[in-house]
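Chemist: The structure is given below, and queries will be raised subsequently.
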Amino acid sequence: MDASNYLYISALLFTIGAVGVVVRRNAIVVFMCIELMLNAANLSFVTFSRINGNLDGQVMAFFTMVVAACEVVVGLAIIVAIYRSRRSASVDDASLLKR
Amino acid sequence: MMQLAIEVGQTATPEAVMFWILGPLAVLAALGMLLVKKAVHSAILMAFVMVVLAVFYIAQDAVFLGIVQVVVYTGAVMMLFLFILMLVGVDSSDSLTETIRGLRPIAITAAVGFGGLMVSLLGRATLGRDAIGLSAANADGNVEGIGYLLFSRFVWPFEVISALLVTAALGAMVLAHQPRSSKKTTQRQQSINRFRGESIATAAGLPAPGVYARHNAVDVPALLPDGTPAPNSVNASLKARGDMLDSNTFDLKKISTQVEEEK
Amino acid sequence: MTISTSLVYLIGLPFAGAAILLLGGRRTDKWGHLLATALSGSSFVVGVYHLIQMVNRPTEMRPISQKLFEWISVGSFNVDAGLLLDQLSICFVLLITGVGTLIHIYSIAYMSEDRDRRRFFAYLNLFIAAMLLLVLGDSYLSLYVGWEGVGLASYLLIGFWNQKPAYATASKKAFVMNRVGDMGLSLAIMIAFATMGTVSFAGVAEQAHHTSEAALTAMGIMLLVAAAGKSAQFPLQAWLGDAMAGPTPVSALIHAATMVTAGVYLITRSNFVFDAAPTAQLLVVIVGAITLIFGALIGTAKDDIKKALAASTMSQIGYMILATGLGPIGYAFAIMHLITHGFFKAGMFLGAGSVMHGMNDEVNMRKYGALRQFMPITFITFGIGYLAILGVPPFAGFYSKDMIIESAFNSGGMQAIFLGSLTLIGAAITAFYMTRVMILTFAGTKRWDEGVEPHESPWLMWFPMAVLAVGSVTSGYLLYHNKALYKWLSPLFEDHGEHEELLKPIVVSALALTMVAIGVSIAVYKYMRENIETVAPVDVSWITKFVRKDLMQDQFNEKFFMRPGQLLTKALVTTEDVVVDGSVRGVARMAIGSGSGLRGLQNGFVRSYAALILVGALTLIAAIWVVVS
Amino acid sequence: MNWLTLLMFLPLVGAAVVSVLPKTNEKAAKQAALITTIAVLLVTIAMTLNFDRENVGLQFVEKYAWIPSFGINFAVGIDAIALVLILMSTILAPIVVLAGWNEAHGGRWSVKTFYILILVLETMMIGVFAATDLFLFYVIFEAMLIPVYFLIGGYGTGERAAAAVKFLIYSLVGGLLMLASIIALFVMSGDQFGHTFDINQLSQLQMSSTTQNLLFLGFFIAFAIKAPVWPFHTWLPDAAGSASPGTSVLLLGVLDKVGTFGMIRYCLTLFPEASKTFTPLILILAVISILYGAFLAIGQKNIKRLIAYTSISHFGFITLGIFAMTSQGHSGAVLYMFNHAFSTAALFLVAGWMISRRGSSTISDFGGLQRVTPVLAWSFFFAGLSSLALPGLSSFVSEFLVLVGTFTRYPVHAIIATFGIVLAALYILIPVQKALHGPTTPGNENLKDLNLREKIAIAPVVAIIVVLGFYPSPLLKIINPATTNIVAQLGFTDPAPSIEDK
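Residue numbers (our numbering), protein chains in the order written: chain U, 92 to 190; chain A, 25 to 287; chain E, -4 to 624; chain P, 27 to 528.
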């Protein structure tokens, strides 16, 4: 079977994740959408690894996972901190930057 | 697109079967993530997508990553998500109406454009390229291969990323940590407060919250001898949260009548 | 004292006086005027010493020059600070220091009541020094220093009582109009350097033969502009009347005897340029002729005694300029008239000052009258000056003015008759208005304001007047006798041979005297009556009104230079604000505007930022897509 | 002896000393600054005496590696033009310190800071004229803006913050254009003979005429803004109008000279062909500057802005002299730079004293000062005379040289520029009449005349103006070889007099 099919699905998932980041207000869902995008990228890495016939892509995907883990840890900590102070997990409520 | 359709018709390997079943499911699950109201449902759908991806990894000779995907993502990360979800309120469901004017059309248009262009580009870039396959690279086993690369060519990024991980852990602690708002009182201070405070009435300690058989009584104030509730018998944090109940609800007289009625 | 160094003393002495008095401040109040007078006098003594030396040398050895130091030297532009004393400059040196010293003496008394007398004397000394530098400089550039120096001194002296705004304005007007002339001079110097490679008198004289007529004409015209500015010639004449704002001794020294004649000096000094540029020469004649009549006409309508005399000065200098424009035959006569004019006009100005001194600084002649008895000395000295300016023999003006009229008639061609007639008409008008001045001031009935008690001036004042009166009587004959001045000066000029005589000298004199007689009789007829109005009558013909307004000279300048200039300035200030700086501020406003416009995007919602990132990614990928296809 | 490094180092030492002085002891800070600037002046004089005026190349050359990987050196060296300008800057510095003794009071920051800024600025003023490494020059060129920005914004009057920002941004725009050109030169030098910022080497670059024109414009606009040449001048009236008098003196007297100095040192030597291409345009701009500045000066109501506009007119003369490409024009322009510093310094310092006494800088608020404060009035009048280039004062020599030099090659420009001298009389005499003459108007009766310190401060300026008016030879002898050399290098010879045999 043609490996590029995986790439198409990766692109679709990435796009869906991007839309999710924009349209969802719940910080946790937003976060999950980001994870979705990362995972989509990982799928691409793995597919490219297969296409190119070496393991570099898989190593990259591995690194991405670690980075994603870090990001989740920090990001969720932030969500908790925000939730503590504002009693809300909606990203729209954290808009102090606006004039 | 035609090419794609032809290929779909022609490929009938087990992998293709797996792909054409799981792939659409994953996309649907991802779309579902956007559309469901409750975050918990989103999380479950997300977990499903991740598992599908793990399957895809394994199907593509990335056994190690597939396992890690299940263990780390579906196991650890998603648990973390759910945990936080529980912390901030599992019941809350999002309103899906958009509050920022014009955002949704922009996002959807941009996304459609983005996805379309991406697919188009991918089609152009990969068409006619045969996958080499990983059988050669995985000759010594997938885990060994990745392990070899990690500790040879990518050892420097590997070390850096470990530092990042440690930093992230520390960062999370710092962020989530709440400093004390007031200084912790020593025992000595407490006893001084108790005996030399405003009133000696509480010198023997605050009254304990009332205990009623029909309710977990910590959030119900004790009743004073004259029958009035004593609010200071309830824990301050419960009071602050608004979780204190009215003790009249559990008035003995009412209970007794109810009992009589039951009889 | 060697000959060469003593040239420096000529200028240095009065300059030192000015420096000491100005820097010394109030400490020198007590003796400042004495020092200034002494220094001016000693400069005169040095001048006389040089004259004696010069007379004793053979003709070709008479001019002496001295290089002081290298002044400006860049590439081929080499100008030394050098002094040149020749037959022409010595005349001026003696006139300046001589008349100057007399006026210093006069001023001791005239200014005795003024709290700033020291400052006045400092300015006077500064003027003497600058004027001497003007006539002693050996190059156009050195002359230029003196030229502007006297302009500065004139500015300071006209505005000496500058607490009166009108006087301050008068001084500013004089300086600015002089600057227009200075512009001409600096352009003349540039032309000289560009075409001849030198700016020294000797160098230009030598190169003039090898230079195109066009260049020389241009240079001549520019020199004429310079001369017109300094000598109050048409069209730059308007400042002189207002310059009478200065104390009267100043008017006598600067605006009658010396500074205003600098233009005559400049043209005479540049004879080699004008001789080779007939067009420029013709323009000189025209300017001289116009001013001659112009000044005389203004003089007929002035009630202010000083302004009447100023108009007369303008007219008389017109005579001189006209003479210089006639070429070699005219130079010597121009200088001769300049010297005699220096005597009689300075004398008359001092006389006017004396009258004012006795009349509580009243300048309106209509409020004088019958002063003959009260100021006999002033009357006599003023009268001598009057006879001299009229050209009554044997007074000085007779010789010098007649020579100019004669030269005009003898200059050849149709132009000669025209010019000659003009000079004769000028003489008649001069006779008219000077007689008017005499009658209004000294004859007739008392028309004084109440409380005025006319009295003769102290001896310190009448002594200089007397000396000048003597000069007004004798100088003409002395200079004329045996063609003394002509012979003295002629080595400096290239003589083109004798001219045909259109009219015999005796005929010219007769004509001139006739014209004078006509002028005098009209004046006597008009003003020798009892009931002169103390306020000028209003119901007069439009010609009189026109003349009273100085032939509209100020209105003309105002309408064609001042107003447009002010409008231009205002327009430019607006342009600066709106267009030049406006565009700069516009750019700034654009930056601020686009910033505040884009600020709307920073609405604080993370999701809209994410949307923007998405749009950005779309753009990027679209770009890639375009590139790839 | 490392003259130039020593010169640049000394003010920094002074600044360090001032910075450790206690904040309360303002007098000590002032004295330290004064002593430092005088010491710098003495060193400069000693250096001038050691200068070999026959040598047209760079002298006192020093070179230390700074950023070797980019070929950047701390390279300094001066020719006669730079020497004259450094001399000018170091003479002005102590005068400014002394004249503006009380200027720093009422500033946003302490008196101490004011003098630290002045001293740091002095280092840069010396460095900017001495740099022979293009990168070093650029760094100092831009870094000079910093102390001036704070001097205007912190110790000025009126809308000082806005003026400071305008000054800064305007200058930065020019500086960035120049930076682009500098980078281009650097890159091209790499292609041709190895990366370098050395101006002597860079002047050997081969460039197509289009490249040269573009790079020339980058430099020229930067310098035209600095100088300032019409129409890039509008920052100057605002900056000078808001800055304290001492700052204005340094701003107009020294900083703006960097513009005209840069035109000679960089525009002409690096881009000779482009300079010739743009000469007609620049000459027109210069003539416009002369007349425009003069007219605007006539129309001003604020005395500081008036002086700023007169300077625009004067800078027009300097630019005219530079691009007339004759030795007279060039020497005149360099001499003009020197003289302008002092005539403007005199005007600004005296105007500053008038303003601080009266508490207003509007001309019409003054009146009849000559009766009340004769010495002050005379100083102002004298400064005005110097500004209108009265013969016998120094600015006359330079102005006339510029005009003569221009006339021999471009008579029309010279004739138009000559109208400037009439306008000069107007723009000086109008404020003189309004402020000094006439009856003493209310509010001016009790003004105090100059005190001893102020007299001491103005005396050397007056002396320089008078002495150089009558005896400019010492300076001209230093300047001439250098300017003649530059004109010759550009392939110009002075036009010969058009004498013909008849």
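For each residue, glycine too, the CB sits at the ideal point set by N, CA and C.
Given a cut-off of 8 Å, decide if Thr253(E) and Ile91(E) are closer than it, judged by their beta-carbon atoms.
Modeler: As a working mapping, residue 91(E) is identified with position 96 in the third sequence. As a working mapping, residue 253(E) is identified with position 258 in the third sequence. Their beta carbons are under 8 Å apart, which means Ile91(E) touches Thr253(E) by this criterion.
Chemist: Any Cβ of chain A within less than 8 Å of the Cβ of Arg177(U)?
Modeler: Taking the first residue of the first sequence as position 1, residue 177(U) is located at position 86. Not an interface residue.
Chemist: According to DSSP, Ser181(U) sits in a beta bridge with which residue or residues?
Modeler: As a first step, residue 181(U) is located in the first sequence; it is residue number 90 there, counting from the start. Answer is Asn117(U), bridged to Ser181(U).
Chemist: If distances are taken between C-alpha atoms only, which option among Glu55(E), Thr54(E), Gly215(E), Ala306(E) comes closest to Asp545(E)?
Modeler: The residue labelled residue 545(E) in the question sits at position 550 within the third sequence. Minimum Cα distance to Asp545(E) is reached at Ala306(E).
Chemist: On a Cα-Cα basis, can you pick out the residue from Ser149(E), Gly179(E), Leu180(E) that is closest to Ala165(E)?
Modeler: Residue mapping note: residue 165(E) aligns to position 170 of the third sequence, counting from 1. Residue Ser149(E) is the option with its Cα nearest to Ala165(E).
Chemist: Just to confirm the assignment, what range does the alpha helix (DSSP H) spanning Ile59(E) have?
Modeler: As a first step, residue 59(E) is located in the third sequence; it is residue number 64 there, counting from the start. No alpha helix (DSSP H) contains Ile59(E), which is instead part of the beta strand (DSSP E) from 59 to 69.
Chemist: Does the count of Cβ pairs from the stretch 112 to 131 of chain P and the stretch 139 to 149 of chain P closer than 8 Å reach three?
Modeler: Because the criterion of three Cβ pairs below 8 Å is met, the stretch 112 to 131 of chain P and the stretch 139 to 149 of chain P touch.
Chemist: With a cut-off of 8 Å on the beta carbons, I'd call Leu435(E) and Arg543(E) a contact; round off their distance for me.
Modeler: Taking the third sequence and counting its residues from 1, the one referred to as residue 435(E) is at position 440. Taking the third sequence and counting its residues from 1, the one referred to as residue 543(E) is at position 548. The Cβ separation is near 15 Å, so there is no contact.
Chemist: If you draw a straight line from the C-alpha of Ser603(E) to the C-alpha of Phe105(U), how long is it?
Modeler: Here residue 603(E) is taken as the residue at index 608 of the third sequence, counted from 1. Here residue 105(U) is taken as the residue at index 14 of the first sequence, counted from 1. Roughly 18 Å between the two C-alpha positions.
Chemist: Are at least three pairs of beta-carbons, each pair with one atom in the stretch 374 to 385 of chain P and one in the stretch 323 to 332 of chain P, less than 8 Å apart?
Modeler: Enough Cβ pairs lie closer than 8 Å, so yes.
Chemist: In chain U, which residues lie less than 9 Å from Arg602(E) when you measure between Cβ atoms?
Modeler: On the third sequence, position 607 is the one that residue 602(E) refers to. What Arg602(E) touches in chain U: Val112, Val113, Val114, Arg115, Arg116, Val121, Val182, Asp183.
Chemist: Listed in chain order, which residues of the stretch 217 to 228 of chain A have Cβ atoms closer than 8 Å to some Cβ of chain U?
Modeler: Listed in sequence order: no entries.
Chemist: To be precise: take each residue of the stretch 120 to 145 of chain E, compare its Cβ to all Cβ atoms of chain P, and keep it if any distance is under 7 Å. Which residues remain?
Modeler: Listed by position, the residues of the stretch 120 to 145 of chain E near chain P (Cβ gap below 7 Å) are Tyr139, Val140, Glu143, Gly144.
Chemist: Runs of 3 residues minimum, wholly inside the stretch 79 to 137 of chain P: which ones carry the beta strand (DSSP E) assignment?
Modeler: Runs of the beta strand (DSSP E) inside the stretch 79 to 137 of chain P: 85 to 93, 98 to 104.
Chemist: When you compare the CB positions of Gly179(E) and Met217(E), do they come within less than 8 Å of one another, or not?
Modeler: Reading the third sequence from its first residue, position 184 is the one you call residue 179(E). Reading the third sequence from its first residue, position 222 is the one you call residue 217(E). It is a contact, given that the beta carbons lie within the stated cut-off.
Chemist: Step through the CB atoms of chain E and report whether any lies within less than 8 Å of the CB of Ser95(U).
Modeler: On the first sequence, residue 95(U) is found 4 positions in, with the first residue counted as 1. So, not an interface residue.
Chemist: Short check: CB of Gly200(P) to CB of Ile247(P), under 8 Å?
Modeler: As a working mapping, residue 200(P) is identified with position 174 in the fourth sequence. As a working mapping, residue 247(P) is identified with position 221 in the fourth sequence. Yes, these two residues count as a Cβ contact at 8 Å.
Chemist: Return yes when the Cβ of Phe245(P) is within less than 8 Å of the Cβ of Met204(P), no when it is not.
Modeler: Position 178 of the fourth sequence holds residue 204(P). Position 219 of the fourth sequence holds residue 245(P). Yes, the pair counts as a contact, with Cβ atoms nearer than the cut-off.
Chemist: Per DSSP, Pro253(A) is paired with what?
Modeler: Looking up residue 253(A) in the second sequence gives position 229. Beta-bridge pairing links Pro253(A) to Leu247(A).
Chemist: Nearest by alpha-carbon distance to Ala409(P): which of Ile491(P), Asn28(P), Val191(P) is it?
Modeler: The sequence position of residue 409(P) within the fourth sequence is 383, counting from 1. Comparing Cα positions, the closest option is Ile491(P).
Chemist: If the cut is a Cβ gap below 8 Å, which residues of chain A does Ala606(E) touch?
Modeler: In the third sequence, residue 606(E) corresponds to position 611, counting from 1. By Cβ distance, chain A contributes Leu127, Ile130, Ala131, Ala134.
Chemist: Since Leu276(P) is in the alpha helix (DSSP H), which residue starts that stretch and which ends it?
Modeler: As a position in the fourth sequence, residue 276(P) is number 250, starting the count at 1. Residues 271 to 276.
Chemist: In chain U, which residues lie less than 7 Å from Ser66(A) when you measure between Cβ atoms?
Modeler: In the second sequence, the residue the question calls residue 66(A) occupies position 42. Within 7 Å Cβ-Cβ: Val120, Met123.
Chemist: How many whole angstroms separate the CB atoms of Met363(P) and Thr237(P), which I take to be in contact at a CB cut-off of 8 Å?
Modeler: Sequence index remark: in the fourth sequence, residue 363(P) carries index 337 (1-based). Sequence index remark: in the fourth sequence, residue 237(P) carries index 211 (1-based). That belief does not hold up - the Cβ atoms of Met363(P) and Thr237(P) are roughly 30 Å apart, past 8 Å.
Chemist: Closest to Gly180(P) by C-alpha separation, out of Val102(P), Pro173(P), Arg134(P), Leu171(P), would be which residue?
Modeler: Residue numbering aside, residue 180(P) sits at position 154 when the fourth sequence is read from its first letter. Here the closest residue by C-alpha is Arg134(P).
Chemist: Could you name the residues that DSSP lists as bridge partners for Ala157(P)?
Modeler: Here residue 157(P) is taken as the residue at index 131 of the fourth sequence, counted from 1. Paired residue(s): Val102(P).
Chemist: Using a Cβ cut-off of 9 Å, which residues of the stretch 54 to 82 of chain E contact any Cβ in chain P, in chain order?
Modeler: Correct list: Phe64, Glu65, Trp66, Ile67, Ser68, Val69, Gly70, Ser71, Phe72, Ala76.
Chemist: Taking the alpha-carbon of Thr564(E) as reference, which of Ala320(P), Val487(P), Gly495(P) has the nearest alpha-carbon?
Modeler: Sequence index remark: in the third sequence, residue 564(E) carries index 569 (1-based). Comparing Cα-Cα distances from Thr564(E) to each of Ala320(P), Val487(P), Gly495(P), the minimum goes to Ala320(P).
Chemist: Could you give the DSSP three-state label for Thr123(A): helix, strand or coil?
Modeler: Residue numbering aside, residue 123(A) sits at position 99 when the second sequence is read from its first letter. DSSP places Thr123(A) in coil when its eight states are reduced to three.
Chemist: When DSSP labels each residue in this structure, what does Lys287(A) get in the three-state scheme?
Modeler: Mapped onto the second sequence, residue 287(A) falls at position 263. Note that Lys287(A) scores a pLDDT of 45, beneath 50, so its modelled location is shaky and nothing firm can be said.
Chemist: Mind checking who Leu78(E) pairs with in its DSSP beta bridge?
Modeler: Taking the third sequence and counting its residues from 1, the one referred to as residue 78(E) is at position 83. For Leu78(E), which the question treats as bridged, DSSP gives the partners Gln61(E), Gly132(E).
Chemist: Give a yes or no on whether the minimum CB-CB distance between Gly599(E) and chain U is below 8 Å.
Modeler: Sequence index remark: in the third sequence, residue 599(E) carries index 604 (1-based). Yes, contact with chain U.
Chemist: Helix, strand or coil for Asp24(E), going by three-state DSSP, please let me know.
Modeler: Here residue 24(E) refers to the residue found at position 29 when the third sequence is read from its first residue. Three-state result, Asp24(E): coil.
Chemist: What residue range is occupied by the uninterrupted alpha helix (DSSP H) comprising Asn51(E)?
Modeler: Position 56 of the third sequence, counting from 1, holds the residue named residue 51(E). It is not in any alpha helix (DSSP H) - Asn51(E) carries neither H nor E in the DSSP assignment.
Chemist: Quick check on Phe72(A) - is its C-beta less than 8 Å from some C-beta in chain U?
Modeler: On the second sequence, position 48 is the one that residue 72(A) refers to. Cβ-Cβ to chain U under 8 Å: no for Phe72(A).
Chemist: Nearest CA to the CA of Gly364(E): which residue from Thr440(E), Lys396(E), Phe328(E), Ala303(E)?
Modeler: Position 369 of the third sequence, counting from 1, holds the residue named residue 364(E). Per the Cα distances, Thr440(E).
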